[in-house]
Structure formats: structure tokens, C-alpha cells
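Residue numbers (the UniProt record's numbering): 1 to 318.
Heads up, the beta-carbon is just placed ideally off N, CA and C, and yes, glycines get one too.
Keep in mind that this is a model prediction, so the values were computed, not measured.
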């Protein structure tokens, strides 16, 4: 039976692509714009960023009927489709921050960080637009250039496929004409950051991550990273004496003699982009040091990052 509502031509979405990116590429095939396609689906056109975060209810289902692409794959092209893995819920909850960031403890002892109530907070979604992009992904693709959902979030530093840093963008996500005229020179990413981002990509594409001792669910990985970020930014009252010295050591090993950032506490997603990137860099360094037992975390879940030989050594000593 022929589906008369099916769009006859539509390029396949690429792994990790944002929903608005894919729809723009579909629209070009019909000499239309993004708003035209949204209207044809029976929805009121809004901001493209809304499609990448919280598209209207039923949007993915209608789009699946028009394209034949699996509805679950379409849902994963928006942030809301990653609940409860990448985010806990799609509705604002003042207790969401504490729920997400206090489930685990890695660098600091469990219970050291105090609960916080933050309205309108969502994990990894920056409070101000902070688009970045991989210059090599753009250079090796054709207009309209596809862009990744991860490029819109405060979660990664690099492109694991090309081993280079993501470059900040002041333009809209769909606009790369300035890079056509003057493409940025790709900058290599550190081994530690690439290792962390490769695991994040593994989580996004396979649903699990390989840690030294065992494989963990993607949702655990995202929360472990967010926990370390929060611990690295803990207030002085939350990391006194030994714990405070340990946190300073992680920053120093990453090349920052002092903990950098605004004096007043904010969640990671609320800081300026440069502070977010530095914190991600230190997070990658912390994971690297934990896995090589250069520094030992004081949290209950720090053992997840210990190498396999630590388990063998513990068993031999029993």
C-alpha cells in the first residue's frame, strides 16, 4: 500500500545529527525552508533550537510517517529523546540538579556536597547558546552542512572522528558561510580529552561505555562525568582539608595552578563557555589520573576508574 503522505525524497540522518540539521537537509531537496517542512507536518514553526531540545508532542511520530525513519531514532536527535539517560526529565524540577549530580561520588566523599535547588536546570544544556563545531566535519561535507546534537551541549571538547577540538561559533547553527571563506585551522585535542569524548560518543551511539573494571550504562557515564564536574567546582566549605587539596591537585595537573572561574557558584551549564571548556579539560585530566592511580578519588564510586590490576592486587592481598 502506497503511503500518499510520505515525502518521496529525504536524505538519511547521519549518526549523532541534530533534528533541525536533518530537516534543513531534507528541506533543501524540495527548495523549501525548515519552517515549510514543520508546517507541512501540521505544527507551528518555531525556533530551530526548540526542535533540538523539546520538539512538540507527536512531532517525531508524524515525521517518522513522512520519512520512514524509525521514530525512536528521530527522538534521539533531540535532547528530550535522551530522557532518562542524558537528562532525568523533560519538565523543570528544582530538585533535578541534586538528583542528577549526587547519585555518585568520585573525587569527594559521599555527602560532602550540599543539596541545591535550581529551577529551570537541565543537565548539559547551556543557559546561553554555546554552539561549537568540528572544522573537519564541515570541510568534508556539503551545504547545508549537517551538525551534531553534541555540538549544542556543554558535554564534549572535541570531535572523536577527526581528533580535533570543536571550534566556537558565533553564527547560527545552520550558517557556515564564513568557514567557507576562511576555514579555521583544526587544533589537535589532548589524549585525555579525546579519551573522555570517545567514551561519550560510545555512550551516545551504543548505549554503554567501557570503563577499566566493567562496562556501564550510558546514563551512568553521563552522571559520573557531571559528578566530577560538580566536585571540581565544589565550594570551599564543601572541600576542606584533604579533600580541598585533592581538588587543587587535579586543577594543577591540568595546567591551572588555581581553580579558575567566577567567585559565585553556578552550575556548569550556567558559566561562560570558556569556563565550561576549562572544566571539561580538567575533568578529562582527572579521569586520566584516576585510571593511572596517580591521584586517588575519595568518593564511593572512584573505584570504577581504577585499572583492572587493582582488583587483582586486592584479591591477592586477601
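query	result
Test item: CB-CB of residue 212 and residue 291 under 8 Å	yes
Limits of the alpha helix (DSSP H) - the one that residue 266 falls within	It is not in any alpha helix (DSSP H) - residue 266 carries neither H nor E in the DSSP assignment.
Close beta carbons around residue 340, own chain, < 8 Å, minus the five adjacent residues each side	Residue numbering for the chain in the displayed model covers 1 to 318; residue 340 lies beyond these limits and cannot be assessed.
Ranges of the alpha helix (DSSP H) found wholly within the segment 116 to 158, counting only runs of at least 4	135 to 139
The segment 43 to 54 touching the segment 11 to 25, judged by at least three CB pairs closer than 8 Å	yes
Residue burial classification, residue 315 (beta-carbon count within 10 angstroms, cutoff 16)	Legend: pLDDT at residue 315 = 35, less than 50; position of this residue unreliable, value from coordinates given subsequently. Exposed, because fewer than 16 other Cβ atoms sit within 10 Å of the Cβ of residue 315.
Contacts around residue 77, its chain only, beta-carbon distance under 7 Å, and the 5 residues preceding and following it disregarded	13, 17, 18, 19, 22, 149
8 Å CB neighbourhood of residue 35 in its chain, flanking five on each side removed	45
Every unbroken alpha helix (DSSP H) within the segment 159 to 186, with a cutoff of 4 residues, ordered by chain	177 to 181
Proximity to residue 74 [Cα-Cα], best of 90, 88, 92, 54	54
Residue 234 vs residue 285 beta-carbon contact at 8 Å	no
Inter-stretch contact at 8 Å, needing at least 3 Cβ pairs: the segment 87 to 107 / the segment 217 to 233	yes
Identity of the residue in 64, 107, 125 nearest residue 88 by Cα	125
Assumed close pair residue 166, residue 158 - CB separation to whole angstroms, cut-off 8 Å	6 Å
Assumed close pair residue 85, residue 135 - CB separation to whole angstroms, cut-off 8 Å	With a Cβ gap of about 29 Å, residue 85 and residue 135 do not count as contacting.
Assigned secondary structure, residue 216 (DSSP; H/G/I helix, E/B strand, else coil)	strand
Endpoints, alpha helix (DSSP H) assigned at residue 197	191 to 206
Local conformation of residue 17 per DSSP, three classes	strand
Any 3 or more C-beta pairs closer than 8 Å across the segment 264 to 278 and the segment 112 to 125	yes
Assigned secondary structure, residue 8 (DSSP; H/G/I helix, E/B strand, else coil)	coil
Exposure of residue 236, with buried meaning 16 or more beta-carbon neighbours within 10 Å	exposed
Test item: CB-CB of residue 283 and residue 247 under 8 Å	no
Host alpha helix (DSSP H) of residue 87 (start-end)	No alpha helix (DSSP H) contains residue 87, which DSSP labels as neither H nor E.
Residues bridged to residue 339 (per DSSP)	With the chain running from 1 to 318 in the structure shown, residue 339 is simply not present.
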